[in-house]
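Visitor: Submitted below is the structure of interest, expressed as structure tokens.
2 protein chains.
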Amino acid sequence: MTTSNSDITRILFNPRRMAVIGASANLGKWGHIVPTNIIRGNYTGELFLVNPGGGEIHGTPIYRGLEEIGRTVDLAMLTIPAQQVERVFGDCSRAGIKVVIAISGGFSESSSEGKAMEERMVKAAASYGIRIVGPNTMGIYSAPWSLSALMPPVAPQPGHIAFAAQSGNLGTQLLGWGSHRGIGFSRFVCVGNESDLDFADYLEYFAEDDETKVILLYVEGFKRPRRVLELAERISLDKPIVIYKAGTTRAGHEAAASHSAAMAGSSEIYGGMIRQGGMIRAETTEEMLDFCDALVKTPLPRSRSVGILSWGGGWGVIAADLCERAGFDVSPLPDYAKKSLGDVLPTYWSKGNPVDMVGIVDLDAHTRCLELLSSCPEYDSIISLGTINAATAFGLAQRESEKLDKKLIDVQRQYMEMKASQFGRRVYELMRDLEKPILAVGMPEREKDLQEGSERPNSKICTYTNPERAVRVAEMLVERAEYLRSRQEARS
Amino acid sequence: MTTSNSDITRILFNPRRMAVIGASANLGKWGHIVPTNIIRGNYTGELFLVNPGGGEIHGTPIYRGLEEIGRTVDLAMLTIPAQQVERVFGDCSRAGIKVVIAISGGFSESSSEGKAMEERMVKAAASYGIRIVGPNTMGIYSAPWSLSALMPPVAPQPGHIAFAAQSGNLGTQLLGWGSHRGIGFSRFVCVGNESDLDFADYLEYFAEDDETKVILLYVEGFKRPRRVLELAERISLDKPIVIYKAGTTRAGHEAAASHSAAMAGSSEIYGGMIRQGGMIRAETTEEMLDFCDALVKTPLPRSRSVGILSWGGGWGVIAADLCERAGFDVSPLPDYAKKSLGDVLPTYWSKGNPVDMVGIVDLDAHTRCLELLSSCPEYDSIISLGTINAATAFGLAQRESEKLDKKLIDVQRQYMEMKASQFGRRVYELMRDLEKPILAVGMPEREKDLQEGSERPNSKICTYTNPERAVRVAEMLVERAEYLRSRQEARS
Chain A
1 MTTSNSDITR ILFNPRRMAV IGASANLGKW GHIVPTNIIR GNYTGELFLV NPGGGEIHGT
61 PIYRGLEEIG RTVDLAMLTI PAQQVERVFG DCSRAGIKVV IAISGGFSES SSEGKAMEER
121 MVKAAASYGI RIVGPNTMGI YSAPWSLSAL MPPVAPQPGH IAFAAQSGNL GTQLLGWGSH
181 RGIGFSRFVC VGNESDLDFA DYLEYFAEDD ETKVILLYVE GFKRPRRVLE LAERISLDKP
241 IVIYKAGTTR AGHEAAASHS AAMAGSSEIY GGMIRQGGMI RAETTEEMLD FCDALVKTPL
301 PRSRSVGILS WGGGWGVIAA DLCERAGFDV SPLPDYAKKS LGDVLPTYWS KGNPVDMVGI
361 VDLDAHTRCL ELLSSCPEYD SIISLGTINA ATAFGLAQRE SEKLDKKLID VQRQYMEMKA
421 SQFGRRVYEL MRDLEKPILA VGMPEREKDL QEGSERPNSK ICTYTNPERA VRVAEMLVER
481 AEYLRSRQEA RS
Chain B
1 MTTSNSDITR ILFNPRRMAV IGASANLGKW GHIVPTNIIR GNYTGELFLV NPGGGEIHGT
61 PIYRGLEEIG RTVDLAMLTI PAQQVERVFG DCSRAGIKVV IAISGGFSES SSEGKAMEER
121 MVKAAASYGI RIVGPNTMGI YSAPWSLSAL MPPVAPQPGH IAFAAQSGNL GTQLLGWGSH
181 RGIGFSRFVC VGNESDLDFA DYLEYFAEDD ETKVILLYVE GFKRPRRVLE LAERISLDKP
241 IVIYKAGTTR AGHEAAASHS AAMAGSSEIY GGMIRQGGMI RAETTEEMLD FCDALVKTPL
301 PRSRSVGILS WGGGWGVIAA DLCERAGFDV SPLPDYAKKS LGDVLPTYWS KGNPVDMVGI
361 VDLDAHTRCL ELLSSCPEYD SIISLGTINA ATAFGLAQRE SEKLDKKLID VQRQYMEMKA
421 SQFGRRVYEL MRDLEKPILA VGMPEREKDL QEGSERPNSK ICTYTNPERA VRVAEMLVER
481 AEYLRSRQEA RS
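These protein sequences, in sequence, are chains A and B.
Per full-length UniProt numbering, the first sequence starts with residue 1, numbered consecutively.
Per full-length UniProt numbering, the second sequence starts with residue 1, numbered consecutively.
This is the structure we're talking about:
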């Protein structure tokens with residue numbers, strides 16, 4: 001009895017019971033580290049550890065064989081040497097396991113012997129109707145099950161981005177970056193060598209997955225590019241697919257061949273495929289998260305008009321340049337807005353777009369300016385520079401009061417943080433109520449001074465450390481909106 | 001008696017005695033904040049505060065007039081309203097003051113009345129032989145004197161970058177960013193409206209200044225573009241000049257006019273001028289510091305060959321792509337290097353350039369790989385990804401040992417930090433001994449996990465949070481080397 005691909009990926013990301021085969025009581029072994037990550041990640045399913053040697057890991061007993069468990073298991077993760085993999089499928093099958101994650105390396109990515117071994121492994125699994133993730137994978141993450149079946153000790157945050165990556169190192173790093181920026185993931189899989197399950201399978205699952213609002217792909221080469229294209233054309237009308245294509249040069253191509261055994265394919269072919277599939281290309285590693293985050297959190301703009309709010313003149317000039325170069329319409333401030341903003345700002349303010357708040361230190365005035373500017377129907381995207389890091393900027397007050405008592409300094413700091421939080425919350429509300437993207441650039445001295453984390457308001461808004469990133473995101477959003485409109489027109 | 005421009009700028013950045021006119025005992029007034037910043041910055045010259053009302057600031061008495069000081073003063077900073085500025089020059093002249101910094105806004109940047117007032121002010125100063133920085137400036141910084149005569153409470157770090165900025169907000173933010181990245185400045189001036197002293201004057205001084213190795217300009221428009229070009233052509237053969245040109249679009253141009261009263265000039269004209277002057281154009285705000293930092297810390301490469309070291313496969317593929325796209329020669333690993341690296345790495349390593357260290361956790365092996373790769377005469381630039389943030393990556397060990405005692409966890413952490421420090425120090429030594437740039441990409445989860453600050457080894461090396469930034473810097477360095485070679489050839 002074979003199980004359909006979509007059932008397999010559903011089981012993979014929703015395992016009620018999973019086993020780690022090759023679990024080890026020895027600190028420092030992958031057989032120890034992986035179960036530790038699963039346990040510490042608070043997996044809500046049942047975890048069974050298996051090793052002929054027995055023992056225990058963090059209080060969880062190690063069974064000597066799958067048969068000892070006496071329960072049907074959905075998923076197994078293998079932390080055993082490559083040579084031993086093909087021998088475990090019989091036991092797996094008897095335990096009811098439908099899919100295994102093979103983290104072992106040393107298969108087709110490393111040598112021709114490895115390639116032959118990989119082929120034997122896939123055949124062996126197929127004879128039992130078992131499907132394979134990897135080999136040469138760093139594992140999976142699944143938010144609804146709090147399942148961190150991963151090699152590195154990252155602690156992903158739950159969210160709405162589903163991510164399939166052809167590099168575990170890059171993939172898990174993005175999970176880590178996300179967790180510190182308030183950017184969460186619904187599902188993650190490191191596709192590894194794709195000896196069996198491949199990008200197309202994962203893409204199909206993400207398309208149907210209710211937890212997933214945006215799909216992210218880090219790709220060196222597709223095994224079934226035509227199938228991916230077919231799927232993307234359909235899926236991208238509903239859920240945006242952000243893609244980073246690596247291995248587009250000769251040097252990158254060769255590096256990819258030894259890394260993921262991927263045939264990278266020419267840049268032109270992939271460029272055409274990405275366009276035709278309606279996918280969104282991330283041009284830099286940073287854009288992968290920036291784009292996905294914005295697509296989860298912000299509405300799409302109705303037009304290319306943009307309003308810019310700036311705390312200081314230079315940053316406003318820079319943001320205006322960037323917006324115009326990105327094809328935005330930085331249209332002049334309407335008279336009624338000049339009047340209303342003039343009631344809030346000192347007489348010597350800029351009276352234009354960008355609205356230069358000329359360094360005023362009243363944070364309530366910043367909020368009022370944002371409300372006034374973003375309420376203008378003339379502007380369909382808003383970029384706001386410099387308020388989010390108010391706590392840093394106004395650190396001023398703290399230095400002033402060196403001689404004042406500690407309590408007063410704390411009160412001041414709390415006040416600044418409260419004001420910054422209020423501003424963040426207002427950004428979120430305005431974005432929701434006005435249905436237009438508002439992108440906030442904090443520009444703190446240190447990234448850590450930018451408010452981060454799930455408890456902070458910016459986990460609901462998009463913040464950036466420089467205007468370049470904000471404008472690139474705004475550009476991506478407007479292109480996405482235009483793509484969807486053009487497809488709707490084509491169909492009507 | 002008139003003093004030459006070069007004497008004036010020398011006095012400006014090396015004031016033995018300075019006065020703040022308009023000093024105020026009132027917390028929150030600029031007349032209080034500016035002296036606070038000077039005092040807290042530990043100015044090594046003598047500071048005199050002046051206000052008819054008297055009082056004191058942090059124990060420094062406020063004189064009721066300049067004449068009460070009874071000493072010759074070099075420099076005055078004015079924290080008084082615009083309308084009062086033209087009246088103080090007589091007193092200043094009698095006190096021996098040669099140059100004043102006018103922070104007041106409300107001059108030509110804001111209205112035609114302001115413009116007229118600015119003209120009157122310059123005339124009044126000139127009649128006493130006094131020169132002006134600003135108005136509408138945020139002040140200056142001078143490292144040898146620990147002088148932070150600035151409005152915002154930034155604490156710049158001493159170093160070798162001289163920076164003239166047409167935006168105080170942007171300028172001081174860069175000082176702050178630098179201080180948290182181990183990037184120091186020799187001098188800083190916010191040029192303001194350039195009613196008198198202008199970019200050309202500052203540039204001339206920076207050229208002669210022994211503290212300065214690299215010059216940075218943030219420019220909206222030059223008052224004397226021809227003079228700047230003449231100077232740049234000469235200076236850039238000796239000291240690199242990094243320039244960010246803002247106001248290159250219609251929207252940016254208009255914003256600049258209301259911000260710094262600058263005539264921004266067309267992008268083409270400025271592009272030609274930057275090239276002809278041998279200046280290095282920063283295309284993003286981030287590149288301003290990235291470029292200057294590298295030009296201070298790294299040697300220039302002899303060719304476009306690059307060797308890439310990577311901890312994980314995906315990042316290696318990405319770096320190889322970026323290098324090839326930037327015009328680098330990512331040439332194959334020579335056989336002898338394959339042999340020597342093979343002695344350090346597991347059998348399944350990539351055997352190519354990029355050298356993929358396939359995730360090995362032995363940090364001494366990383367150092368050894370770096371030594372071997374950078375010693376290859378085949379490679380004139382080295383990009384090293386993923387080791388600098390070892391303390392984060394190996395945070396693994398910490399999570400493992402939750403049950404172990406606190407002391408052991410601390411020992412582990414210290415060990416990781418020591419290894420990362422050793423790696424950083426070795427990067428520095430290799431760069432110095434081999435005379436080739438080695439750029440390190442840390443990619444920590446949070447920027448703060450990247451080692452920062454003056455006590456850390458990376459204050460001597462260049463570190464980046466993503467490969468894009470490192471490759472852009474490498475590209476800039478090779479272009480700088482090629483420019484210098486082409487100019488040498490032209491002269492020989």
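Heads up, the beta-carbon is just placed ideally off N, CA and C, and yes, glycines get one too.
Every value quoted in this text rests on a predicted model; they were computed, and no experiment measured them.
Return the Cβ separation of residue 184 of chain B and residue 178 of chain B in integer angstroms, given the expectation that the two are a contact with Cβ distance under 8 Å.
Guide: 7 Å
Visitor: If we define contact as Cβ-Cβ less than 9 Å, is residue 468 of chain A a contact residue for chain B?
Guide: yes
Visitor: Which partner residues does residue 381 of chain B have in the DSSP bridge list?
Guide: By DSSP's assignment, residue 381 of chain B forms a beta bridge with B/306.
Visitor: Could you confirm whether any beta carbon from chain B is found closer than 9 Å to the beta carbon of residue 351 of chain A?
Guide: By this cut-off, residue 351 of chain A is an interface position.
Visitor: Any beta-carbon of chain B closer than 9 Å to the one on residue 52 of chain A?
Guide: Answer no: the Cβ-Cβ gap between residue 52 of chain A and chain B never drops below 9 Å.
Visitor: So, helix, strand or coil for residue 386 of chain A, using DSSP?
Guide: The answer is coil: DSSP assigns residue 386 of chain A none of H, G, I, E or B.
Visitor: Are any of the Cβ atoms in chain A nearer than 9 Å to that of residue 381 of chain B?
Guide: Interface with chain A (9 Å Cβ-Cβ cutoff): residue 381 of chain B is excluded.
Visitor: When Cβ atoms are compared, which residues of the stretch 231-253 of chain B fall closer than 7 Å to chain A?
Guide: Answer in chain order: 246, 247, 248, 249, 250, 251, 252.
Visitor: Apply the 10 Å Cβ neighbour rule to residue 424 of chain B and answer buried if 16 or more other Cβ atoms are within range, or exposed otherwise.
Guide: buried
Visitor: How many Å lie between residue 83 of chain A and residue 304 of chain A at the Cα?
Guide: 57 Å
Visitor: Consult DSSP for residue 36 of chain A and reduce its assignment to one of helix, strand or coil.
Guide: helix
Visitor: Please list, in chain order, the chain B residues whose beta carbon lies closer than 8 Å to that of residue 170 of chain A.
Guide: Near residue 170 of chain A (Cβ distances below 8 Å), the residues of chain B are 312, 314, 315, 318.
Visitor: Going along chain B in order, which residues have a C-beta closer than 9 Å to the C-beta of residue 330 of chain A?
Guide: 249, 250, 251, 252, 254, 255
Visitor: In its own chain, which residues sit with a C-beta less than 8 Å from the C-beta of residue 227 of chain B, not counting the 5 before and 5 after it?
Guide: 200
Visitor: Count the other C-beta atoms from every protein chain shown that fall within 10 angstroms of the C-beta of residue 247 of chain B, then say buried if there are 16 or more, exposed otherwise.
Guide: Counting Cβ neighbours within 10 Å, residue 247 of chain B comes out buried, since at least 16 surround it.
Visitor: Considering Cα atoms alone, identify which of A/278, A/360, A/382 is closest to residue 479 of chain A.
Guide: Among A/278, A/360, A/382, the Cα nearest to that of residue 479 of chain A is on A/278.
Visitor: Would you be able to state if there are at least three C-beta pairs under 8 Å between the stretch 118-125 of chain A and the stretch 64-74 of chain A?
Guide: no
Visitor: At 7 Å on the CB atoms, spell out the chain B contacts of residue 323 of chain A, in chain order.
Guide: Within chain B, 251 have C-beta atoms less than 7 Å from the C-beta of residue 323 of chain A, given in sequence order.
Visitor: Curious, which full-length alpha helix (DSSP H) runs of at least 4 residues does the stretch 204-279 of chain A contain?
Guide: 225-235, 250-260, 267-276
Visitor: Kindly list, in the order they appear in chain B, the residues whose Cβ is closer than 9 Å to that of residue 139 of chain A.
Guide: Chain B residues near residue 139 of chain A: none, gap ~13 Å exceeds 9 Å.
Visitor: Going by beta carbon distance, what residues of the same chain come within less than 7 Å of residue 26 of chain B, once the five residues before and after it are set aside?
Guide: 32
Visitor: Distance check for residue 311 of chain A and residue 36 of chain A, CA to CA, integer angstroms please.
Guide: Counting only the Cα atoms, residue 311 of chain A lies some 47 Å from residue 36 of chain A.
Visitor: Is there a Cβ of chain B sitting closer than 9 Å to that of residue 166 of chain A, yes or no?
Guide: It does; some Cβ of chain B falls within 9 Å.
Visitor: Identify the residues that DSSP records as bridge partners of residue 463 of chain A: which are they?
Guide: The partner list for residue 463 of chain A (beta bridge, DSSP) reads A/440.
Visitor: Reducing DSSP to helix, strand and coil, say where residue 289 of chain B ends up.
Guide: DSSP places residue 289 of chain B in helix when its eight states are reduced to three.
Visitor: Kindly confirm or deny that the stretch 277-296 of chain B and the stretch 151-163 of chain B touch, where touching means at least three C-beta pairs closer than 8 Å.
Guide: Judged by Cβ distances under 8 Å, the stretch 277-296 of chain B makes contact with the stretch 151-163 of chain B, as three or more pairs qualify.
Visitor: May I ask you to check if the CB of residue 375 of chain A is nearer than 8 Å to at least one heavy atom of the ligand COA?
Guide: In terms of ligand content, the structure shown is empty, and the ligand COA therefore cannot be addressed.
Visitor: Among all the DSSP beta bridges, which residues are the ones paired with residue 60 of chain B?
Guide: B/57
Visitor: By the 10 Å Cβ neighbour count, where 16 or more other Cβ atoms means buried, how is residue 127 of chain B classified, buried or exposed?
Guide: exposed
Visitor: For residue 254 of chain A versus residue 6 of chain A, is the C-beta spacing smaller than 9 Å?
Guide: no
Visitor: Give, in chain order, every residue of the stretch 90-118 of chain B whose Cβ lies closer than 7 Å to some Cβ of chain A.
Guide: For the stretch 90-118 of chain B, which is checked against every Cβ of chain A, the residues closer than 7 Å are 105, 106, 110.
Visitor: Can you name, in chain order, every residue of its own chain whose Cβ lies under 8 Å from the Cβ of residue 474 of chain A, other than the five neighbours on each side?
Guide: 301, 306, 323, 326, 328, 381, 383, 437, 439
Visitor: Leaving out five residues before and five after residue 176 of chain A in sequence, what residues of the same chain have Cβ atoms less than 6 Å from its Cβ?
Guide: 154
Visitor: Taking residue 284 of chain A as the query, report the chain B residues whose CB atoms sit under 8 Å from its CB, ordered along the chain.
Guide: 466, 468
Visitor: Could you work out which residue in A/91, A/80, A/85, A/59 is closest to residue 70 of chain A when comparing CA atoms only?
Guide: A/91
Visitor: Closer than 6 Å by C-beta to residue 60 of chain B: which residues in its own chain qualify, once you throw out the five before and the five after it? Chain order, please.
Guide: 49
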